[in-house]
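>
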Amino acid sequence: MDYVIIGNGAAAVGCVEGIRALDQTGSITVVSAEPYPVYGRPLISYLLEGKTTEEKMLRYRPENWYETNGVTLLSGRTAVSVDSAAHQVTLDNGAVLPYHKLCFATGSRPFVPPMEGLETVEHQTSFMTLDDARRLSRILGGKKGKRVLIIGAGLIGLKCAEGILDRCASLTVVDMAERILPNVMLPHPAALIQKRMEDRGVAFLLGDSVARFEGNHAVLKSGKAVDFDVLVVAVGVRPNTELAAQAGCAVDRGIFIDDHCAAGPDLWAAGDCTRSHDISNGSDRILAILPNAYLQGETAGLNMAGGSRAFTKAVPMNASGFFGLHVVSAGSYDGQRYLEEDPETGSYKLLVTRDDRLVGFILLGDVERAGIYTSLIREQTPLSSIDFDLIREKPQLMAFSRSERAKKLGGVQR
């Protein structure tokens, strides 16, 4: 059996490990546009901050992981076409890879909206890959003398701000939304995070956008202007779906997949390039989240190797931190809300329930037990079957029934 995986991120790793769980001898080829082994992309801000190294980033899997799993890694190569009828993938160097089973783990790419005069900005970059981090580090240099403008107040833009603030003379974040983290956070906790960042020296211009660039001078639609030396465009990402569409897969922004991550005959897809079913609100949408990418990849790999596995527990989840403030959020915020906040410690906890289920939460500060809340959402546990008052106050296993505790502890009853 010849397996081909296009992409080399978390979804590809899950796919390889899923295949090898059932098929130890089939040929696996991974096509990677980047010239590196798989690495922890969320760590690039910590790399710039000096909290990690490239060597540590490249340890997402052991150095011999490809060899141990019998994987042929084609680094620095791009798939340019897929002929699903002939079961062939053509690469940018003209090489043709035959396959029996193919997985699209193509991820996403930065979205750069049209902005007048953008081509006049000399020092600009996205912030998504190791090469982006290297480029930004090189531009900033070793002295704290550059003024930085970041377009985008989502997770990517804010993590970039945290990573480089101590290397900047000034740092300004612009976003057309009225608040930071508009896609993952409610207004009040967003304001708490924003204040944390402002107290450290980050300036925000929200509800505004760039009308035009004149070299290192940005004119905003409000009439305000920002002078800068370095521009980071972190507006968002777009799924890489072109190859899947060419192969005949159904695509609408993301690749449509079923519960087995199948996208067509002998075709599967996993990760940020797909549309996932969000069980917290019942919608189908892009969930660009590393844990979901891995689990989808593993599901695809198992099924490619002849197994039968369904992945039906996708939820949006983000775990991050901003200048020492830990933040975890998950699920939907549509439902009955239970709020606890302590201005003295800066802790904030919001739980959201609907139809006897926990469907979402936001934690700021104390995030130690976020895993229990996430498990309740993923497993769709009826709240009437547990001590929800205890869960709301302090999540712990004793809030579950004896049988549920046994499941969560691997069969050992306590």
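Our numbering puts the first residue of the sequence shown at 153, with every later residue one more than the last.
Think of the CB as a built atom: it goes at the ideal place given N, C-alpha and C, for glycine as much as any other residue.
No experiment lies behind these values; they were computed from the predicted model shown.
Would you list the residues sitting across from valine 385 in a DSSP beta bridge?
Beta-bridge pairing links valine 385 to Ile303.
> In its own chain, which residues sit with a C-beta less than 6 Å from the C-beta of tyrosine 490, not counting the 5 before and 5 after it?
Same-chain partners within the cutoff: Leu503 and Arg544.
> For valine 183, count the other beta carbons within 10 Å of its own beta carbon; 16 or more makes it buried, fewer makes it exposed. Which is it?
Valine 183 should be labelled buried.
> Only counting the same chain, and skipping five residues up and downstream in sequence, which positions put a Cβ closer than 8 Å to that of alanine 329?
So the list reads Ala305, Leu358 and Gly359, once near-sequence residues are dropped.
> What are the boundary residues of the alpha helix (DSSP H) that cysteine 167 is part of?
It spans 162-174 - the alpha helix (DSSP H) in which cysteine 167 sits, taken as one unbroken run.
> Grab the span of the beta strand (DSSP E) containing lysine 295 for me, first residue to last.
Taken as a continuous stretch (DSSP letters only), lysine 295 belongs to no beta strand (DSSP E), as it is neither H nor E.
> With respect to the beta strand (DSSP E) encompassing methionine 469, which residues constitute its N-terminal and C-terminal limits?
That run of the beta strand (DSSP E) goes 469-474.
> Glutamate 186 and asparagine 216 - do their beta-carbons sit closer together than 8 Å?
Their beta carbons are not under 8 Å apart, which means asparagine 216 does not touch glutamate 186 by this criterion.
> Could you work out which residue in Asp318, Val519 and Leu310 is closest to lysine 298 when comparing CA atoms only?
Of Asp318, Val519 and Leu310, the residue nearest in Cα terms is Asp318.
> Suppose contacts are defined by Cβ-Cβ distances below 8 Å. Is valine 165 in contact with arginine 213 by that definition?
Contact flag set, yes.
> Would a C-beta distance cut-off of 8 Å place lysine 311 and serine 428 closer than the cut-off?
No; because the gap between Cβ atoms is not below 8 Å, this pair is not in contact.
> Just grab the DSSP bridge partners of tyrosine 500 for me.
According to DSSP, which records beta bridges pairwise, tyrosine 500 is partnered with Glu493 and Leu516.
> Go through its chain and collect everything with a Cβ distance to valine 385's Cβ below 6 Å, but skip five positions before and after it.
Within the same chain, valine 385 has close Cβ partners Val264, Ser278 and Ile303.
> Please list the terminal residues of the continuous beta strand (DSSP E) segment that includes arginine 193.
No beta strand (DSSP E) contains arginine 193, which DSSP labels as neither H nor E.
> Within the segment 393-474, note down every full alpha helix (DSSP H) run reaching 4 residues or more, in order along the chain.
Taking only runs of at least 4 residues, the alpha helix (DSSP H) segments lying wholly in the segment 393-474 are 394-398 and 442-456.
> Quick one: using the 10 Å Cβ neighbour count with 16 as the cut-off for buried, is asparagine 455 buried or exposed?
Flag for asparagine 455 reads buried.
> Considering only C-alpha positions, which residue in the set Arg509, Tyr191, Ala370 and Thr426 is nearest to glutamate 206?
The residue with the shortest Cα to Cα distance from glutamate 206 is Tyr191.
> Can cysteine 255 and alanine 440 be called in contact, C-beta distance under 8 Å?
Cβ distance not < 8 Å, so cysteine 255 and alanine 440 don't count as in contact.
> Would you say the segment 331-351 touches the segment 366-384, given that touching needs at least three Cβ pairs under 8 Å?
Counting Cβ pairs under 8 Å, fewer than three are found: no touch.
> Are the segment 269-284 and the segment 228-248 touching by the rule of at least three beta carbon pairs closer than 8 Å?
No, the segment 269-284 is not in contact with the segment 228-248.
> Please give the ranges of any alpha helix (DSSP H) in the segment 259-297, keeping only runs that are unbroken, at least 4 residues long and fully inside the region.
Entirely contained in the segment 259-297, the alpha helix (DSSP H) runs reaching 4 residues are, in chain order, 282-292.
> Report yes or no: do three or more beta-carbon pairs, one from the segment 188-202 and one from the segment 474-494, lie closer than 8 Å?
Verdict: no, contact absent.
> For the ligand ZN, any of its heavy atoms closer than 7 Å to the Cβ of lysine 203?
Although the ligand ZN was asked about, the structure shown includes no ligands whatsoever.
> What is the DSSP secondary structure of serine 132, counted as helix, strand or coil?
Nothing can be reported for residue 132: it is not among the residues displayed for the chain, which extend from 153 to 566.
> Roughly how many angstroms separate the alpha carbons of leucine 288 and threonine 324, rounded to a whole number?
Leucine 288 and threonine 324: Cα-Cα distance of roughly 16 Å.
> Thinking C-beta only, is tyrosine 188 closer than 8 Å to tyrosine 251?
No, these two residues do not count as a Cβ contact at 8 Å.
> Classify glutamine 448: buried if its beta carbon has 16 or more other beta carbons within 10 angstroms, exposed otherwise.
So glutamine 448 counts as buried.
> Report the partner residues of histidine 478 according to the DSSP bridge assignment.
The partner list for histidine 478 (beta bridge, DSSP) reads Gly473.
> Do you know how far the Cα of alanine 321 is from the Cα of proline 262?
Proline 262 and alanine 321: Cα-Cα distance of roughly 26 Å.
> Between the alpha carbons of isoleucine 158 and serine 432, how many angstroms are there, rounded?
Straight-line Cα distance between these residues: approximately 29 Å.
> The beta strand (DSSP E) that contains tyrosine 155, what's its start and end?
From DSSP, the beta strand (DSSP E) with tyrosine 155 extends over 154-158.
> How long is the line joining the alpha carbons of arginine 172 and asparagine 221, rounded to whole angstroms?
Taking the straight line joining both Cα atoms gives about 7 Å.
> Check each candidate in Ala457, Ala238 and Asp541 and name the one with the smallest Cα separation from serine 179.
Measuring from the Cα of serine 179, the nearest candidate turns out to be Ala457.
> Kindly list the residues whose CB is nearer than 7 Å to the CB of glutamate 169, restricted to its own chain and excluding five residues on each side of it in sequence; keep chain order.
Answer for glutamate 169: Glu450 and Gly453, listed in chain order.
> If I follow the unbroken alpha helix (DSSP H) through proline 339, where does it start and stop?
Residues 339-352.
> Using beta-carbon positions only, say whether phenylalanine 365 and glutamate 268 come within less than 8 Å of one another.
In this structure, glutamate 268 lies closer than 8 Å to phenylalanine 365 by Cβ.
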